[in-house]
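Have a look at the structure below before the remarks.
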Amino acid sequence: MDTTPMNFTDMNSIKPPYQDENDSGYTELNMVFSNFDKQCRMNSPESDEDNIFEEQNNFTQECEDDASDFYPSDQEDMSGIYEIKSRIEQKRKKYLVRAVKIYKDLTENMSAPWKDELTLDDVFISNMYKFNIQKQRWVKKGPIVIFLLKKQFRLVTYNLYGQPIPSLNIKLWEFMASYSRSDNHKILINSFGRNFKNKVTISTTVTYLKDIIDTSLLNERELKLIQNEKVSICNSTVIPYPEDSSSNIVFYFKATEDLKRFKKAFDDACHELYCIGCKKRYETFLNEQPILNYQDHPVEKSCRYPYNNPDLFVALSERGFEYKPIEDETGKILTDRIKCCFCGTSYAGWISDQTSINIMHKLYCDSKHYECPFLNII
14 MDTTPMNFTD MNSIKPPYQD ENDSGYTELN MVFSNFDKQC RMNSPESDED NIFEEQNNFT
74 QECEDDASDF YPSDQEDMSG IYEIKSRIEQ KRKKYLVRAV KIYKDLTENM SAPWKDELTL
134 DDVFISNMYK FNIQKQRWVK KGPIVIFLLK KQFRLVTYNL YGQPIPSLNI KLWEFMASYS
194 RSDNHKILIN SFGRNFKNKV TISTTVTYLK DIIDTSLLNE RELKLIQNEK VSICNSTVIP
254 YPEDSSSNIV FYFKATEDLK RFKKAFDDAC HELYCIGCKK RYETFLNEQP ILNYQDHPVE
314 KSCRYPYNNP DLFVALSERG FEYKPIEDET GKILTDRIKC CFCGTSYAGW ISDQTSINIM
374 HKLYCDSKHY ECPFLNII
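The number in the numbering used here is simply the position in the sequence shown, starting from 1, with 13 added.
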């Protein structure tokens, strides 16, 4: 087996259009982002207190004789701003207290699957907005706490108010960060259909009250009173299920530093996923792989890639290709077939260099009118 060390390059920036994994069509992220900004201006998503603070922190002195009367250099003009800022800080502290409580509830639960991989460095507080496709507008979902699970590669959010169940449970994808948009306070991401929603089933049973309480503390008269009393007991079960299509989500952070911290953690997690994917694809060229028929069913045979070119293997892996031998309709086994794990571009035969990979890949995607993110890896 070839043990040549791998050197995978960093991901380069991806073009603005994106397409979810269910092929729901193209959307221009810049347009979606500008629509969010437009709605913010018309019907501000943040609280009035926040907006007043922002407006009164961007003064312009008008060219009038009495302009100085309105300029915020006077202490009495600034007192109201200080009060607003104080209320905002109090709200942030209250959110932080609730977020830490949720964090402790999750990490102190011995059965929690992520109790060993979550630290306070992976906790972020923001307001969340989701795009309502039917009404074509952004809807504020309220303050949330965001957890980035670095071992499971999941982004999980909990509402700071309401039921203690995940409001988002997104399995990260290696290009998810590249298809995001951000400014000083907000970041727009797309779920790519990888979010899991919650379905709650409720079952009700009827039982005697005397069977569920401690009757040793009751006297004879009280026992007679509850002898035939019945109560209904409700049990709820939360069942996660994948969403039907992709959805646009905005996280709004009060402080720019908080957004930068989240974006760095988000980018790092997605980049690590990309490197893991590259290594897995690279290994398919080194080891025997099961042969599939043209319907993607195994035929109980295996073979190894017939060529030995480690540099080419790295280039193929970085661009989404893995070794996928196949038995065609005539029974012929294509032992040198490679396939893109995202768009399905396949090719059987000798590949001379990286340029020929890109040409072949682009021709296929253009014919299908499909935007494969691996095409943008340089």
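C-beta atoms are modelled at their ideal positions from N, C-alpha and C, and glycine is treated no differently.
Fill in: Supposed close pair Ile289, Ile346 - CB separation, criterion 8 angstroms
Not confirmed; about 29 angstroms, so no contact.
Worksheet entry | Euclidean distance between Cα positions of Ile157 and Pro338 | 46 angstroms
Worksheet item: Roughly how far, in whole angstroms, is the beta-carbon of Lys276 from the beta-carbon of Ile200, given that I think they are within contact range, below 8 angstroms?
Response: 6 angstroms
Worksheet item: So, is the C-beta of Val219 closer than 7 angstroms to a C-beta in chain C?
Response: The structure shown contains no chain C; it is built from a single protein chain.
Discussion item. Per the DSSP calculation, Thr228 is bridged to which residue(s)?
Written reply: According to DSSP, which records beta bridges pairwise, Thr228 is partnered with nothing at all.
Discussion item. So, for Phe144: in the same chain, excluding its five sequence neighbours on each side, which residues have a beta-carbon less than 6 angstroms away from its beta-carbon?
Written reply: Trp151, Asn261
Practice prompt. Answer with buried or exposed for Gly155, where buried requires no fewer than 16 other C-beta atoms within 10 angstroms of its C-beta.
Written response: exposed
Practice prompt. Could you work out which residue in His382, Thr132, Gly333, Lys107 is closest to Tyr360 when comparing CA atoms only?
Written response: Closest option to Tyr360, judged by alpha-carbon separation, among His382, Thr132, Gly333, Lys107: Gly333.
Worksheet item: By the 10 Å Cβ neighbour count, where 16 or more other Cβ atoms means buried, how is Gln147 classified, buried or exposed?
Response: With fewer than 16 other CB atoms across the displayed protein chains lying within 10 angstroms of its CB, Gln147 is exposed.
Discussion item. On a Cα-Cα basis, can you pick out the residue from His310, Trp363, Cys354, Ser193 that is closest to Leu388?
Written reply: Of the candidates His310, Trp363, Cys354, Ser193, the one whose C-alpha sits nearest the C-alpha of Leu388 is Cys354.
Discussion item. For Tyr377, which residues in the same chain have their Cβ closer than 6 angstroms to its Cβ, ignoring the five residues on either side in sequence?
Written reply: Thr358
Worksheet item: Taking the C-alpha atoms as reference points, what is the distance between Gln165 and Ile351?
Response: 28 angstroms
Item to complete: Compute the Euclidean distance between the alpha carbons of Gln149 and Arg194, then round it to the nearest angstrom.
Response: 19 angstroms
Discussion item. What would DSSP say about Ser360, mapped onto helix, strand or coil?
Written reply: In the sequence as displayed, the identity of residue 360 is Tyr instead of Ser. Tyr360: strand per DSSP, three-state reduction.
Worksheet item: Using a Cβ-Cβ cut-off of 6 angstroms (strictly less than) and excluding sequence neighbours within five positions of Val312, which residues of its own chain qualify?
Response: Ile304, Asn306, Glu340
Worksheet item: Going by the beta-carbon positions, is the gap between Phe209 and Pro253 smaller than 7 angstroms?
Response: Cβ distance < 7 angstroms, so Phe209 and Pro253 count as in contact.
Discussion item. Contact defined as beta carbons within less than 8 angstroms: I believe Glu242 pairs with Leu272. What is the distance between those atoms, to the nearest angstrom?
Written reply: Actually they are not in contact, since the Cβ atoms of Glu242 and Leu272 sit about 56 angstroms apart, beyond 8 angstroms.
Worksheet entry | Nearest-angstrom Cα separation, counted from Ile225 out to Glu235 | 15 angstroms
Item to complete: Kindly indicate which three-state DSSP category Gly333 falls into: helix, strand or coil?
Response: coil
Worksheet item: For Arg317, is the beta carbon positioned less than 6 angstroms from some heavy atom of the ligand HEM?
Response: Ligands in the displayed structure: none, and consequently the ligand HEM is not present.
Worksheet item: Thinking C-alpha only, which one of Asp257, Ala190, Phe264, Asp118 is nearest Ala282?
Response: When each option's Cα is compared against that of Ala282, the closest is Ala190.
Practice prompt. Could you tell me which uninterrupted alpha helix (DSSP H) segments, each at least 4 residues in length, are contained entirely in the stretch 251-326, listed from first to last along the chain?
Written response: Qualifying alpha helix (DSSP H) stretches, in chain order: 269-297.
Item to complete: Would you kindly check if the distance between the Cβ of Phe205 and the Cβ of Ser259 is under 7 angstroms?
Response: yes
Worksheet item: Could you check where the beta strand (DSSP E) with Leu161 kicks off and where it finishes?
Response: 150-162
Discussion item. Would Ser330 and Tyr295 be called neighbours here (beta carbons separated by less than 7 angstroms)?
Written reply: yes
Fill in: Helix, strand or coil at Glu340 [DSSP, three-state]
When DSSP states are grouped into helix, strand and coil, Glu340 belongs to the strand group.
Worksheet entry | beta strand (DSSP E) segment containing Lys143, residue limits | Here the beta strand (DSSP E) through Lys143 covers 136-145.
Worksheet item: Does the Cβ-Cβ distance between Thr269 and Cys316 come in under 7 angstroms?
Response: no
Item to complete: Spell out the partners DSSP gives Arg167 in its beta bridges.
Response: Leu162, Lys184
Fill in: Spatial neighbours of Asn197 in its chain, beta-carbon cut-off 8 angstroms, leaving aside the 5 residues before and after
Thr269, Leu272
Worksheet item: Are the beta-carbon atoms of Gln367 and Tyr336 separated by less than 7 angstroms?
Response: no
Discussion item. Out of Leu181, Lys106, Val263, Asp118, which one is the CA nearest neighbour of Asn140?
Written reply: For Asn140, the nearest C-alpha among the options comes from Val263.
Discussion item. Do Tyr108 and Leu173 count as a contact pair if the criterion is CB distance below 7 angstroms?
Written reply: yes
Worksheet item: Residues in its own chain within less than 8 angstroms of Leu286 by CB, not counting five upstream and five downstream?
Response: Phe166, Leu185, Trp186, Glu187
Practice prompt. Tell me whether Pro85 sits in a helix, a strand or coil according to DSSP, three-state version.
Written response: For Pro85, the predicted structure reports a pLDDT of 42, less than 50, and the residue's modelled location is therefore unreliable. A value from the coordinates is still provided. Coil, per DSSP.
Worksheet item: Based on the DSSP secondary-structure assignment, which residues constitute the bridge partners of Thr217?
Response: Residue pairing by DSSP places Thr217 opposite Cys247 in a beta bridge.
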